[in-house]
Amino acid sequence: MLDIRFILKNVDLIKQNTRERYANVDVDKVVTLYGQLKQKRQSLEEIQRRSNQIAGRFKSADKTTRKQLKAEVVGLKQTIAVIKDEIVFVENEYTEEMLKIPNLVASDVPQGKDEYGNVPIKYIGEPTKFGFKPLDHVELGKKLDILDFEAAAKVTGSKFYFLKNEAVLLELGLIRYALELAIKHGFTPVTTPEIARDKIITASGFSPRGPESQIYSLTKGALSLIGTSEITLGGYMANAVIPEKNLPIKISGVSHCFRTEAGSGGRESKGLYRVHQFSKVELYQFVHPDKSAIVHEEMLAIEEEFYQALELPYRVLLMCKGDLGTPAYRKYDIEAWMPFIGEGGGYGEVTSASNCTDFQARRLNTKFKNRVTGKIDFVHTLNGTAVAVTRTILAILENNQQADGTVLIPEILQDYTGLQYIKPKARKF
RNA sequence: GGAGGAGUCGCAUAAUGGUAUUGCAGCAGAUUGCUAAUCUGUAGCCUUUAAUCGGGCUUGUGGGUUCAAGUCCCGCCUCCUCCGCCA
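For the first sequence, our numbering gives the first residue as 240, with consecutive numbering after it.
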């Protein structure tokens with residue numbers, strides 16, 4: 240959420256930004272509704288003032304005066320009720336539209352409508368070449384007996400999976416290595432709830448209910464499954480004032496993520512690439528506003544350290560205006576080489592790192608206080624993926640397969656998994 | 001899940017239905033003069049203003065009763081005690 244006072248002062252700028260980000264929002268409507276809201280609130284306050292005045296005279300009044308005062312206040316009460324209803328109505332409309340206004344963008348964010356507008360800024364490693372006919376990860380998963388999509392389809396439906404045998408060790412090893420990397424960089428590890436209040440989800444910039452929602456909502460209570468631990472990690476500091484000397488606060492969250500993937504049928508949806516549930520280690524930071532730009536680079540550096548240690552070929556993209564999420568001010572994606580994307584291989588998203596400036600903090604109401612000046616202001620928040628497990632397993636399987644049908648475990652993970660390679664094996668069930 | 005109790009500023013506390021008290025801490029100022037003490041002021045949000053003054057809202061939260069609600073009634077949240085269930 241942006242500051243309404245900032246919006247009012249910079250309507251043209253906001254409109255241009257909204258247009259360039261291809262956000263479907265009516266900025267004029269927000270301005271108009273806010274004007275109405277303010278006007279109604281002021282008239283309400285005036286009537287409340289009169290009502291309070293009458294109540295104040297009541298105590299010392301005699302019987303007949305009280306009768307008069309009472310008669311006087313009845314009309315006011317009715318008017319107050321009417322105006323209150325009007326305010327609730329306008330407020331709902333206003334909030335709904337207001338929440339759609341995206342964050343501002345950094346000056347170096349490229350123009351562009353969608354993923355094709357993203358700008359590659361770095362390529363590390365070469366796309367994997369094979370001296371034999373490689374298999375995709377779904378076929379590999381079957382031969383190695385480590386993935387089972389058919390059984391998951393029976394149990395839950397499409398886009399679910401069972402990990403089996405070495406894939407399980409690989410998942411746990413990836414999580415463990417990612418966590419140790421995070422801890423090395425000063426993050427406090429946490430495991431989080433995987434269900435959150437809709438309020439917290441909204442505050443993080445996601446919409447829990449509605450047709451385009453990516454979120455699974457529960458029927459019991461105003462609760463939903465989290466799409467990412469970014470939601471719960473941000474919520475950790477909701478309504479908090481952090482002493483400035485305690486910044487930055489760096490948290491690394493381990494959780495499952497649940498996504499409906501509404502409207503993404505067929506698109507790069509084979510196997511593990513796009514699934515309804517996966518494990519992720521997330522990096523999250525609350526920082527001083529002056530520091531967020533530098534910290535954003537640090538977040539990317541940690542992500543790169545991870546994928547370099549895994550020896551996977553990847554590229555880094557600076558995301559264009561049209562492909563940024565609503566809360567993001569600037570965002571990097573890392574895409575790992577995946578031999579079976581598109582025709583003859585391509586790069587597929589494995590991480591993202593976003594600087595959300597004060598956009599999330601304003602809605603989460605997370606502030607910091609300078610002890611000397613006493614100044615209170617919103618913190619900046621950043622989030623990034625340490626590891627999204629399923630896509631990383633996909634990349635390891637497809638890139639590290641050998642002519643003899645085995646898959647080599649990256650050296651860094653060998654201690655964490657207790658494996659050097661995964662061999663094909665007969666499937667008993 | 002059931003029964004009972006509680007929730008007031010960072011902490012601690014007060015308030016026969018009458019418009020949120022006091023102490024400590026922190027912060028600001030004054031004074032004294034030095035491992036600090038004393039005095040004064042100081043909650044948040046919205047609104048108004050050049051800035052003040054002023055107005056409104058806020059006792060976990062949302063409703064209700066009332067001229068008036070921390071106080072009475074109802075829903076929800078959180079915590080405590082006990083019971084049940086359970087990895």
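Just so you know, even glycine gets a beta-carbon here, dropped at the ideal spot from N, CA and C.
Buried versus exposed, by CB contacts within 10 Å (16 or more), residue i
| i | result |
| --- | --- |
| Leu556 | buried |
| Lys489 | buried |
| Val250 | exposed |
| Tyr355 | exposed |
| Asp562 | buried |
| Ala567 | buried |
| Gln278 | exposed |
| Asn256 | buried |
| Gln547 | exposed |
| Ala421 | buried |
| Asp572 | buried |
| Trp599 | The displayed chain sequence assigns Gln, not Trp, to residue 599. Buried: at least 16 other Cβ atoms inside 10 Å. |
CA-to-CA distance, residue j to residue i, given in whole angstroms
| i | j | result |
| --- | --- | --- |
| Val618 | Phe426 | 17 angstroms |
| Lys381 | Pro663 | 9 angstroms |
| Pro482 | Phe607 | 6 angstroms |
| Tyr512 | Ala665 | 25 angstroms |
| Phe369 | His376 | 15 angstroms |
| Asp265 | Pro349 | 23 angstroms |
| Ser593 | Leu603 | 17 angstroms |
| Phe371 | Gly581 | 19 angstroms |
| Val589 | Lys248 | 39 angstroms |
| Leu652 | Leu409 | 8 angstroms |
| Asn639 | Arg554 | 18 angstroms |
| Asp305 | Lys614 | Position check: residue 305 holds Arg in this sequence, whereas Asp was assumed. Using only the alpha carbons, I get a separation of about 47 angstroms. |
| Leu402 | Phe388 | 9 angstroms |
| Pro373 | Gly587 | 18 angstroms |
| Val344 | Arg569 | 6 angstroms |
| Asp347 | Gly585 | 26 angstroms |
| Lys393 | Ser446 | 29 angstroms |
| Leu522 | Gly583 | 33 angstroms |
Which of helix, strand or coil DSSP assigns to residue i
| i | result |
| --- | --- |
| Pro528 | helix |
| Arg513 | coil |
| Leu308 | helix |
| Lys667 | coil |
| Ser591 | strand |
| His495 | strand |
| Ala575 | strand |
| Leu315 | helix |
| Leu456 | The sequence shown places Ser at residue 456, not Leu. Strand at Ser456. |
| Tyr568 | coil |
| Ala642 | coil |
| Asp597 | coil |
| Phe388 | helix |
| His619 | strand |
| Ser518 | strand |
| Ile648 | coil |
| Arg554 | strand |
| Ala417 | helix |
| Leu563 | coil |
| Ala300 | coil |
| Tyr523 | strand |
Contact belief for residue i with residue j at Cβ below 8 angstroms, rounded distance in angstroms
| i | j | result |
| --- | --- | --- |
| Leu647 | Gly364 | With a Cβ gap of about 15 angstroms, Leu647 and Gly364 do not count as contacting. |
| Asn342 | Cys595 | 7 angstroms |
| Leu462 | Ala435 | 7 angstroms |
| Gly444 | Met538 | The Cβ separation is near 17 angstroms, so there is no contact. |
| Lys323 | Leu283 | 7 angstroms |
| Ile293 | Val321 | With 8 angstroms as the limit, Ile293 and Val321 do not qualify as a contact, their Cβ atoms being about 18 angstroms apart. |
| Pro487 | Phe525 | 6 angstroms |
| Leu464 | Tyr475 | With 8 angstroms as the limit, Leu464 and Tyr475 do not qualify as a contact, their Cβ atoms being about 18 angstroms apart. |
Neighbourhood of residue i by C-beta, 6 angstroms cutoff - its chain only, sequence neighbours within 5 removed
| i | result |
| --- | --- |
| Leu549 | Pro649 |
| Met337 | Val269 |
| Ile319 | Ile286 |
| Val361 | The sequence shown places Lys at residue 361, rather than the Val named in the question. Closer than 6 angstroms at the Cβ level, and outside the excluded window around Lys361, lie Val555. |
| Pro359 | Arg554, Leu556 |
| Leu383 | Ile661, Pro663 |
| Gln275 | Val329 |
Cβ neighbours of residue i in the same chain (closer than 8 angstroms, five flanking residues each side left out)
| i | result |
| --- | --- |
| Ile414 | Val493, Ser518, Val520, Val626, Val628 |
| Arg262 | Before going further, note that residue 262 is Ala rather than Arg in the sequence given. Cβ within range, chain order: Lys339, Ile340, Pro341, Thr565. |
| Ser290 | Val312, Leu315, Lys316, Ile319 |
| Pro366 | Pro552, Trp576, Pro578, Gly584 |
Chain-order list of residues whose beta-carbon lies under 7 angstroms from that of residue i (same chain, five-residue window excluded)
| i | result |
| --- | --- |
| Arg498 | Gln453, Gly466, His515 |
| Tyr660 | Thr645, Val646, Leu647, Ile648 |
| Lys254 | Val266 |
| Pro432 | Thr471 |
| Ala477 | Ile439, Ala442, Leu603, Asn604, Thr605 |
| His424 | Ile541 |
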